[in-house]
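Novice: To start, I am sharing the structure in question, which I have written as structure tokens.
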Amino acid sequence: MNTAGKALLATGVATAVAVARRRRRASHDDTSERWLAVTVNRAPEEVQSSMPDDLARWHDQVEISVRPATGDKGTEIRVKSTGEVPAHELRLALRRAKSVLEAGEVVRPDTAPTHPGPMGKALQLVTNRAGGGGRL
Amino acid sequence: MKALCWEGINDVRVQDVPDPQLLNDQDMILKVRLSTVCGSDLHLLTGHIPFMQAGDVIGHEFMGEVVEVGSGVTKHRPGDRVVVCSFIVCGRCWYCRNELYSLCDNTNTNPAITQHLWGADPGGIFGYSHAMGGFRGSHAEYVRVPFADHTAIPIPEAVDDMSALFASDSAPTGWMGADLGGVKQGDVVAVWGSGAVGQMAARAAQLLGAERVLVIDRFDYRLRQAELAFGVETINYAETSVGDALLEATGGRGPDVCIEAVGCEAHSTGPQYVYDQVKSKLKLEMDRPIAVREAIYNCRKGGSVFVLGVFTGVVDKFPLGALMNKGLTVRGAQQHGQRYIPMLLDRIASGELTTSHLATHVMPLSEGARGYELFKKKEDDCLRSVFRL
Ligand SMILES: NC(=O)c1ccc[n+]([C@@H]2O[C@H](COP(=O)([O-])OP(=O)(O)OC[C@H]3O[C@@H](n4cnc5c(N)ncnc54)[C@H](O)[C@@H]3O)[C@@H](O)[C@H]2O)c1
Ligand SMILES: [Zn+2]
Ligand SMILES: [Zn+2]
Numbered sequence: 004m005n006t007a008g009k010a011l012l013a014t015g016v017a018t019a020v021a022v023a024r025r026r027r028r029a030s031h032d033d034t035s036e037r038w039l040a041v042t043v044n045r046a047p048e049e050v051q052s053s054m055p056d057d058l059a060r061w062h063d064q065v066e067i068s069v070r071p072a073t074g075d076k077g078t079e080i081r082v083k084s085t086g087e088v089p090a091h092e093l094r095l096a097l098r099r100a101k102s103v104l105e106a107g108e109v110v111r112p113d114t115a116p117t118h119p120g121p122m123g124k125a126l127q128l129v130t131n132r133a134g135g136g137g138r139l
Numbered sequence: 011m012k013a014l015c016w017e018g019i020n021d022v023r024v025q026d027v028p029d030p031q032l033l034n035d036q037d038m039i040l041k042v043r044l045s046t047v048c049g050s051d052l053h054l055l056t057g058h059i060p061f062m063q064a065g066d067v068i069g070h071e072f073m074g075e076v077v078e079v080g081s082g083v084t085k086h087r088p089g090d091r092v093v094v095c096s097f098i099v100c101g102r103c104w105y106c107r108n109e110l111y112s113l114c115d116n117t118n119t120n121p122a123i124t125q126h127l128w129g130a131d132p133g134g135i136f137g138y139s140h141a142m143g144g145f146r147g148s149h150a151e152y153v154r155v156p157f158a159d160h161t162a163i164p165i166p167e168a169v170d171d172m173s174a175l176f177a178s179d180s181a182p183t184g185w186m187g188a189d190l191g192g193v194k195q196g197d198v199v200a201v202w203g204s205g206a207v208g209q210m211a212a213r214a215a216q217l218l219g220a221e222r223v224l225v226i227d228r229f230d231y232r233l234r235q236a237e238l239a240f241g242v243e244t245i246n247y248a249e250t251s252v253g254d255a256l257l258e259a260t261g262g263r264g265p266d267v268c269i270e271a272v273g274c275e276a277h278s279t280g281p282q283y284v285y286d287q288v289k290s291k292l293k294l295e296m297d298r299p300i301a302v303r304e305a306i307y308n309c310r311k312g313g314s315v316f317v318l319g320v321f322t323g324v325v326d327k328f329p330l331g332a333l334m335n336k337g338l339t340v341r342g343a344q345q346h347g348q349r350y351i352p353m354l355l356d357r358i359a360s361g362e363l364t365t366s367h368l369a370t371h372v373m374p375l376s377e378g379a380r381g382y383e384l385f386k387k388k389e390d391d392c393l394r395s396v397f398r399l
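Listed in order, the protein sequences are those of chains A and B.
Taking the numbering used here, I'd label the letters of the first sequence as residues 4 to 139.
Taking the numbering used here, I'd label the letters of the second sequence as residues 11 to 399.
This is the structure:
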């Protein structure tokens, strides 16, 4: 591989590591610091009456608030841990609940390639748990 | 099954991979008939989008025949001929309901990567890296299509396979550039890049009422093709000053709408090319926005610039002063395909829009590596290599 190629791969790995690091930090300190929220393109009554299991199952360990979004944007579901629920679990639950409410199912990822290579393995570390990461 | 896989930088190979399965109720399995290379793939090949794993199936512009549908699919049946948009969309989130399909909230299975990189995650794309969902691509005998009712569109009888193929990605992308760029009756429109996307943008501008359309590139065969197919005017930037030519064509005003269809690996004849290349190699700059700079500089006061070319990160020397002081509107987007594809298929059927001339090199998938080589190096007058499965 040429030098440019190596430099590009290095960027990818650096980004992957940064994402992983941020998540590690996140799972330590923001378990219950702030509300995590998604906006669902459904009416508040519909969201209230059909809260998906993904979120409902945490009901005794989280505070859940449901309120109309501004404009025509649907309903905001916000959760905050009152116990020890890690933030990445809540992010995952919010994303899954939103997809179920809006689209009826959660898209399953395609199977990963069999020989991802060193860079691919670093990426897999991130993507395996990426559903629970991010800025949400 | 056989599939064309990314195996490393500038290394694609046909491999045996497992057949796709229905994983969700709203999935279907498509038997691919035609799948084409796209300029966006070049950004994967060169490593500009460093979120690939060896063995990833690439390809995202395709059409084929439905062979299996999940229990939640209502619009498609086995045997149907469909064109599949490069973007996977749920059809029901706020973005989909507002026809901003490439921003779908529910289709990127790895949202964390782009949320950190860009602040929020766009939708998932076929064969376009793990940052965009890690979905398997279409350069394969079969492909799984999630949310099939919304992601795939039936092809009318009157449209042949090859014409329909380009309604997947290049035609809707070009149309979006002209539409959201705000092309109006009587406008002068300049398009940077005479690839499939630029040519489709040029044709869209004509159909939306532009009085003059000028296409800019350095490959004469590509300019000639655009001229022959659509009667546009052309500028070869390797021979002519683009700024001078545009001023001359517009009575000194500059184009009303400028559409950039080049992307992050833009080439230039001037010293800024070397500067950008060195910087991007040293990772001080991720993308080379040469055509974007030129479009902003040459656009008329109060005009509009639409960025169709793909960029991934930060750029350097962005002409913010020109944007602000000339009162420009600058917009960009990944294609909102589902918004345009049915209309484009109708226009293809009526003969208003021709697309099949884009397929200059048709070959079996086994020649995939050669197809990319021709396309990447712009050899043998290649505009698009198309794989027939
Ligand atoms: N927004 C979207 O959803 C979307 C969809 C498809 C493709 N794209 C992007 O559109 C771009 C074009 O795709 P394509 O398939 O037509 O690619 P292509 O490689 O066939 O065409 C690009 C053309 O730009 C020309 N070019 C390079 N530097 C130039 C410059 N400085 N000025 C003018 N022309 C220049 C090249 O010579 C080439 O002919 C790519 O960046 C691709 O990633 C975006
Ligand atoms: Zn494309
Ligand atoms: Zn959606």
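C-beta: ideal position from N, C-alpha, C; glycine also.
Being a predicted model, the structure only gives us computed values, none of them experimental.
Using a 10 Å radius around the Cβ and a threshold of 16 neighbouring Cβ atoms, would you call residue 117(B) buried or exposed?
Specialist: Residue 117(B) should be labelled buried.
Novice: Is the closest heavy atom of ligand 1 to the C-beta of residue 382(B) under 8 Å?
Specialist: No, ligand 1 has no heavy atom inside 8 Å of this Cβ.
Novice: Could you tell me if the beta carbon of residue 323(B) falls within a distance shorter than 8 Å of some heavy atom in ligand 3?
Specialist: No, the Cβ of residue 323(B) stays beyond 8 Å of every heavy atom of ligand 3.
Novice: Distance, Cα to Cα, residue 178(B) vs residue 156(B)?
Specialist: If I take the Cα positions, the gap works out to 15 Å.
Novice: Near residue 392(B), what residues of its chain come up, given a Cβ to Cβ distance below 8 Å and the 5 sequence neighbours on each side ignored?
Specialist: For residue 392(B), where only same-chain residues beyond five positions count, the Cβ hits under 8 Å are 370, 371, 384, 385.
Novice: Determine, using beta carbons only, whether residue 344(B) comes closer than 9 Å to chain A.
Specialist: Cβ-Cβ to chain A under 9 Å: no for residue 344(B).
Novice: Rounded to whole angstroms, what is the Cα-Cα separation between residue 65(B) and residue 18(B)?
Specialist: Those two C-alpha atoms are separated by around 9 Å.
Novice: Between the region 41–52 of chain B and the region 134–151 of chain B, do three or more beta carbon pairs fall short of 8 Å?
Specialist: Judged by Cβ distances under 8 Å, the region 41–52 of chain B makes contact with the region 134–151 of chain B, as three or more pairs qualify.
Novice: Going by other Cβ atoms of all chains shown within 10 Å of its Cβ, with 16 needed for buried, is residue 303(B) buried or exposed?
Specialist: Under this definition residue 303(B) is a buried residue.
Novice: Looking at C-beta atoms only, is the number of pairs between the region 46–56 of chain A and the region 75–91 of chain A that lie closer than 8 Å three or more?
Specialist: Touching, yes, given that three or more Cβ pairs across the two stretches are closer than 8 Å.
Novice: Compare the beta carbon distance of residue 358(B) and residue 169(B) with 9 Å and say whether it is the shorter of the two.
Specialist: Yes, they are a contact pair.
Novice: For residue 43(A), which residues from the same chain have a beta carbon less than 7 Å from its beta carbon, with the 5 sequence-adjacent residues on both sides left out?
Specialist: Excluding residues within five positions, the ones whose Cβ falls inside 7 Å are 50, 77, 78, 80, 101, 104, 105.
Novice: Less than 8 Å between the CB of residue 115(B) and some heavy atom of ligand 3, yes or no?
Specialist: Residue 115(B): yes, Cβ under 8 Å from ligand 3.
Novice: Give the DSSP bridge partners of residue 245(B), in chain order.
Specialist: Beta-bridge pairing links residue 245(B) to 226(B).
Novice: Listing by chain order, which chain A residues have their CB less than 7 Å from the CB of residue 64(B)?
Specialist: Those are 116, 118, 119, 120, 123, listed as they occur along chain A.
Novice: At what residues does the alpha helix (DSSP H) containing residue 252(B) begin and finish?
Specialist: Its alpha helix (DSSP H) spans residues 252–259.
Novice: Does DSSP put residue 43(B) in a helix, a strand or coil?
Specialist: It is a strand residue.
Novice: In three-state terms, what does DSSP make of residue 39(A)?
Specialist: Correct three-state label for residue 39(A): strand.
Novice: Compare the C-beta of residue 257(B) against all C-beta atoms of chain A and say whether one is closer than 9 Å.
Specialist: No - not a single Cβ of chain A is within 9 Å of the one on residue 257(B).
Novice: Check the C-beta distance from residue 324(B) over to residue 265(B) and give it rounded, since I have them as a contact under 8 Å.
Specialist: That belief does not hold up - the Cβ atoms of residue 324(B) and residue 265(B) are roughly 27 Å apart, past 8 Å.
Novice: Rounded to whole angstroms, what is the Cα-Cα separation between residue 218(B) and residue 356(B)?
Specialist: Their backbone Cα atoms lie some 15 Å apart in a straight line.
Novice: Please compile the residues from chain B whose C-beta is within a distance smaller than 8 Å of the C-beta of residue 108(A).
Specialist: Under the 8 Å cutoff, chain B gives 34, 35, 36, 82.
Novice: Which residues in the same chain have their Cβ closer than 8 Å to the Cβ of residue 22(B), if we skip the five residues on either side of it in sequence?
Specialist: If we look at residue 22(B) and ignore the five residues flanking it on each side, its Cβ neighbours are 14, 15, 16, 55, 68, 378, 379, 382.
Novice: Which bits of chain A does residue 49(B) rub up against, with CB to CB less than 9 Å?
Specialist: What residue 49(B) touches in chain A: nothing, since even the nearest Cβ is about 18 Å away.
Novice: Is there a Cβ from chain B that is less than 9 Å from the Cβ of residue 47(A)?
Specialist: Not an interface residue.
Novice: Taking Cβ-Cβ distances shorter than 7 Å, what residues in chain B pair up with residue 113(A)?
Specialist: Those within 7 Å of residue 113(A) in chain B are 144, 145, 146, 154.
Novice: Helix, strand or coil: which one does DSSP assign to residue 83(A)?
Specialist: Correct three-state label for residue 83(A): strand.
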